[in-house]
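Chemist:
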Amino acid sequence: MAEEEEEQKPERREEPNRVQMTSGDIVRLIIAAPVVFVWLFLGSRIIISATTSTAVLENIEPLLLALSILTIPVTGILGSLFRIGGNGGDKK
9 MAEEEEEQKP ERREEPNRVQ MTSGDIVRLI IAAPVVFVWL FLGSRIIISA
59 TTSTAVLENI EPLLLALSIL TIPVTGILGS LFRIGGNGGD KK
């Protein structure tokens, strides 16, 4: 009987590449995603506007300042996103 019970139990495979998100990760994602999306949108909008209008191209400094200010948190967000295992890289 013990052998039958062992055969009936499904085998649980351990998945080493499984990702688990904590509540802190979710909160950071909710805060970080809009910042990154605004940064991408602003960068693309500056490029499109500067290529189609000479007035925007002549007064582009404030737009570039806003983009550079947003670049600081985006760099930190993307840097922590691409960290493997939370240790800053795959060091073996």
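Residue numbers for the sequence shown follow our numbering, so the first one is 9 and each next one is one higher.
Think of the CB as a built atom: it goes at the ideal place given N, C-alpha and C, for glycine as much as any other residue.
Judging by CA-CA distance, which residue of GLN28, ILE54, SER31 is the nearest neighbour of GLU69?
Modeler: If we check each option's Cα against that of GLU69, ILE54 comes out closest.
Chemist: Helix or strand or just coil, what does DSSP make of ILE68?
Modeler: Coil.
Chemist: Nearest-angstrom Cα distance between GLU82 and ALA40?
Modeler: A small correction: the amino acid at residue 82 is Val; Glu does not occupy that position in the sequence shown. For VAL82 and ALA40, the distance between alpha carbons rounds to 8 Å.
Chemist: Along the chain, where does the alpha helix (DSSP H) that runs through PHE45 open and close?
Modeler: Residues 31-60.
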